[in-house]
Amino acid sequence: MRFVPPPGWPPAPPGWVPPPGWQPDPAWPPAPVGWRFWQETPAARRRVGRPGPALVSAFVAGGVLLVLALGFGVLLLSAPPQVRAPAPGPTSTAAPQTTTVAGWVRLDDRATATHDCEGQGRHADIAEGTAVVVSDQTGTELGDGTLTPYGSQGSVCSYTFSISGVPVDADTYTFAVGDRSPVVISAAELRSQAWSFEIRL
Numbered sequence: 216m217r218f219v220p221p222p223g224w225p226p227a228p229p230g231w232v233p234p235p236g237w238q239p240d241p242a243w244p245p246a247p248v249g250w251r252f253w254q255e256t257p258a259a260r261r262r263v264g265r266p267g268p269a270l271v272s273a274f275v276a277g278g279v280l281l282v283l284a285l286g287f288g289v290l291l292l293s294a295p296p297q298v299r300a301p302a303p304g305p306t307s308t309a310a311p312q313t314t315t316v317a318g319w320v321r322l323d324d325r326a327t328a329t330h331d332c333e334g335q336g337r338h339a340d341i342a343e344g345t346a347v348v349v350s351d352q353t354g355t356e357l358g359d360g361t362l363t364p365y366g367s368q369g370s371v372c373s374y375t376f377s378i379s380g381v382p383v384d385a386d387t388y389t390f391a392v393g394d395r396s397p398v399v400i401s402a403a404e405l406r407s408q409a410w411s412f413e414i415r416l
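Numbering (this note's numbering), first residue to last: 216 to 416.
Here it is in structure tokens:
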């Protein structure tokens with residue numbers, strides 16, 4: 216008898232007999248179902264009489280090998296496929312919604328009106344380029360703009376300003392024009408006026 220390795224197994228050396236307890240390499244493919252690990256040689260077929268102990272041991276070892284190979288194949292077939300979890304994607308945070316606030320500033324001062332709306336006397340802080348700063352109810356600055364002269368009518372000078380990128384989720388908005396006392400307006404009122412309003416000085 217000679218040991219016949221299944222397809223994919225390395226060839227056995229001539230006359231090699233698996234020792235007791237031998238197991239195939241786990242990297243080898245499983246043996247086909249019904250594979251005959253032992254085949255008779257012509258000399259063995261000519262032998263007559265009772266088989267010797269070596270032949271009996273070889274048959275036992277072959278049976279053990281067959282059982283091990285079949286069991287290994289069943290384990291491979293029954294093992295659940297490994298599914299790699301997708302890598303978590305980058306998290307994103309939605310930017311707050313913003314708007315542009317437009318406003319008018321009206322100053323009733325004849326001296327200023329007669330000087331091309333350049334603030335005079337106590338109104339010297341009101342002129343082209345005067346800063347307008349908007350903050351929320353916590354005092355956090357939300358944006359700023361500057362005054363632009365629009366023209367005069369009689370003793371009244373008009374100025375415009377525009378502040379972009381103002382978050383719409385504040386409760387109240389405080390506008391500070393130059394050195395004047397801040398003006399507070401609610402978010403509801405600003406929305407009702409399409410985010411525009413007027414300040415009279």
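Positions of the beta carbon are idealized from the N, C-alpha and C atoms, including for glycine.
Bear in mind the structure is a predicted one, so any value in this text is a computation, not a measurement.
- Cβ neighbours of Pro226 within its own chain (closer than 8 Å, five residues either side excluded): Pro220.
- Looking only at Gly236, Pro235, Val347, Pro247, the smallest Cα-Cα distance to Trp224 is reached by Pro247.
- Beta-carbon to beta-carbon, Ser373 and Gly358 are separated by about 22 Å, too far to satisfy the 8 Å threshold.
- Beta-bridge partners of Tyr374 (DSSP): Val320, Pro364.
- Rounded to whole angstroms, the Cβ separation of Pro382 and Thr327 is 34 Å, and the two are not in contact under 8 Å.
- Within its own chain, the residues whose Cβ lies closer than 7 Å to the Cβ of Pro311, once the five positions on either side in sequence are excluded, are Pro382, Asp384, listed in chain order.
- The beta carbons of Leu362 and Val347 sit closer together than 8 Å.
- With a cutoff of 8 Å on beta-carbon distance, Gly393 and Thr345 are scored as near each other.
- Closest option to Arg251, judged by alpha-carbon separation, among Ala391, Pro222, Gly354, His330: Pro222.
- In the DSSP assignment, Ser350 falls outside any alpha helix (DSSP H) and within the unbroken beta strand (DSSP E) covering 346-350.
- Measuring C-alpha to C-alpha distances from Pro229 to each of Pro235, Gln238, Trp253 identifies Trp253 as the nearest.
- Straight-line spacing of the CA atoms in Pro239 and Leu280 works out to 8 Å.
- About 18 Å separates the Cβ atoms of Ala409 and Thr387, ruling out a contact at the 8 Å cut-off.
- Annotated three-state conformation of Thr327 is helix, per DSSP.
- With contacts defined as CB atoms closer than 8 Å, Phe376 and Gly354 fail to qualify as a contacting pair.
- By the C-beta density criterion, Pro397 is exposed, having fewer than 16 other C-beta atoms within 10 angstroms.
- CA-to-CA, the gap between Gly369 and Phe390 works out to about 26 Å.
- With respect to the 8 Å criterion, Glu404 and Arg321 are not classified as neighbours on the basis of their beta carbons.
- Residue burial annotation: Ala242 is exposed, with fewer than 16 other C-beta atoms found within 10 angstroms of its C-beta.
- The Cβ atoms of Pro235 and Phe218 do not sit closer than 8 Å to each other.
- Gly318 places its beta carbon 8 Å or farther from that of Ser407.
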